[in-house]
Amino acid sequence: MAAPGDAQSNTSSTQRVKVYCLDKDGKWDDRGTGLVSLDYVERSEELGLYVVDEDDHETLLVHRISTDDIYRKQEDTIISWREPEGSTELALSFQETAGCSHIWNHICTMQRNLHFSSLNMSTELRELPDVDISNLPQILEIVTESGIKGQMRLAGLMLKDVKFFDNLMNVFEMCEDLEKLDCLHMMFNIVKGIISLNSHQILEKILGDSLIMKVIGSLEYDPDAPQSLHYRNDVTAHVVFKEAIPIKNPMVLSKIHQTYRIGYLKDVILSRVVDDATATSLDSIINANKAAIVTLLKDDSNFFQELFARLRSPSTSVESKSDLVCPGIMRASLS
1 MAAPGDAQSN
11 TSSTQRVKVY
21 CLDKDGKWDD
31 RGTGLVSLDY
41 VERSEELGLY
51 VVDEDDHETL
61 LVHRISTDDI
71 YRKQEDTIIS
81 WREPEGSTEL
91 ALSFQETAGC
101 SHIWNHICTM
111 QRNLHFSSLN
121 MSTELRELPD
131 VDISNLPQIL
141 EIVTESGIKG
151 QMRLAGLMLK
161 DVKFFDNLMN
171 VFEMCEDLEK
181 LDCLHMMFNI
191 VKGIISLNSH
201 QILEKILGDS
211 LIMKVIGSLE
221 YDPDAPQSLH
231 YRNDVTAHVV
241 FKEAIPIKNP
251 MVLSKIHQTY
261 RIGYLKDVIL
271 SRVVDDATAT
281 SLDSIINANK
291 AAIVTLLKDD
301 SNFFQELFAR
311 LRSPSTSVES
321 KSDLVCPGIM
331 RASLS
């Protein structure tokens with residue numbers, strides 16, 4: 001097959017390509033010069049190659065990435081393939097070798113990861129795809145389509161990868177920064193599915209101080225919600241922490257705030273979407289936190305000295321006294 005010519009441009013860009021199509025006479029027809037990118041195909045969870053004309057911004061090419069062995073890299077600057085439907089021969093000629101290598105590596109990675117989408121969940125899942133934007137459809141399918149046995153294996157794999165949840169939340173923040181709404185909708189369903197695995201260890205991990213606000217943020221992107229959700233703002237801006245007596249132990253403060261957030265997660269955010277078993281697990285974490293708070297405060301002699309001194313003081317109002325008892329502290333923090 002004759003190879004198309006190199007892309008020409010006055011400016012250097014790893015994204016600039018010429019699009020070629022092999023005509024019926026075996027000659028390469030120049031379809032235009034544009035910028036190539038990888039993104040989700042509109043109204044689909046499939047990844048594709050896009051080439052948009054650099055002058056009039058018209059779409060020159062949309063190609064869904066295939067798992068078939070159809071792609072060829074030539075002369076360091078050319079990627080060619082035969083379309084599975086229609087048998088059309090296409091080629092991209094890159095201005096720079098770096099751009100060609102970048103797209104080629106992404107195509108190869110996508111092909112490997114697409115095999116996860118065809119994975120029969122009745123067989124044992126042995127590994128998870130890398131956590132990045134391009135793999136969100138595969139992660140979503142694995143999370144939402146595994147059976148009972150598959151869910152246990154999935155939870156184990158997630159816990160085995162100590163960076164899985166951190167990486168997932170990093171991807172969420174990246175999607176939010178890039179305003180990729182389709183990806184954010186997938187993130188909502190992935191996080192909802194992970195919570196529904198009802199693994200106590202996973203819940204403890206994702207509801208910890210470092211991740212819980214990101215988890216709450218990911219649940220703002222419910223694709224079925226009729227309007228925008230602002231859970232993070234509700235949790236932070238609209239909550240007043242009423243500290244009747246200064247609490248100096250940072251662990252106590254952390255437990256109090258975490259307990260409120262988990263309660264909000266269970267009663268407001270997830271009230272429509274989690275089953276009774278998961279709600280019970282969240283309640284157990286809340287109750288364990290409350291017990292830990294009481295135990296930690298019990299060991300703080302200065303806290304109780306000040307508590308009883310204020311309770312005995314005639315200058316302390318009835319309302320203030322009601323806030324000084326431990327249940328009052330908990331009630332104030334959770335209301």
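Sequential numbering of the sequence shown, starting at 1, is according to UniProt numbering.
Glycine included, each C-beta is placed from N, C-alpha and C at the ideal position.
It should be emphasised that the depicted structure is a prediction, and the values quoted were computed from it without experimental measurement.
Between the CA atoms of residue j and residue i - distance to the nearest angstrom
i: glutamate 75; j: aspartate 30; result: 18 Å
i: leucine 181; j: tyrosine 221; result: 8 Å
i: glutamate 141; j: isoleucine 190; result: 9 Å
i: aspartate 224; j: isoleucine 65; result: 28 Å
i: arginine 126; j: leucine 157; result: 8 Å
i: aspartate 283; j: glycine 263; result: 8 Å
i: asparagine 170; j: leucine 136; result: 13 Å
i: glutamate 58; j: serine 37; result: 14 Å
i: phenylalanine 165; j: isoleucine 206; result: 7 Å
i: alanine 237; j: aspartate 267; result: 18 Å
C-beta atoms of residue i and residue j nearer than 8 Å
i: isoleucine 216; j: leucine 168; result: no
i: valine 235; j: isoleucine 194; result: no
i: leucine 35; j: leucine 49; result: no
i: isoleucine 247; j: cysteine 183; result: no
i: leucine 211; j: phenylalanine 188; result: no
i: threonine 77; j: cysteine 21; result: no
i: aspartate 276; j: serine 196; result: no
Residue i, DSSP secondary structure in three states
i: arginine 310; result: helix
i: leucine 168; result: helix
i: serine 315; result: coil
i: alanine 237; result: coil
i: glutamine 151; result: helix
i: asparagine 189; result: helix
i: aspartate 194; result: Residue identity differs from the one stated: residue 194 is isoleucine in this sequence, not aspartate. Note: isoleucine 194 maps to helix in three-state DSSP.
i: residue 373; result: Any answer about residue 373 is impossible in this case: the structure gives the chain only from 1 up to 335.
i: tyrosine 221; result: coil
i: isoleucine 245; result: coil
i: glutamate 173; result: helix
i: glycine 156; result: helix
i: tyrosine 260; result: helix
Quick one: complete beta strand (DSSP E) runs, 3+ long, within the UniProt domain "PP4R3 EVH1-like" (15-114)?
16-22, 28-40, 47-53, 59-64, 71-74, 78-82, 89-94
Three or more C-beta pairs under 8 Å: does that hold for the segment 277-289 against the segment 251-261?
yes
Counting Cβ pairs, one atom from each stretch, are 3 or more of them under 8 Å apart for the segment 93-101 and the segment 145-163?
no
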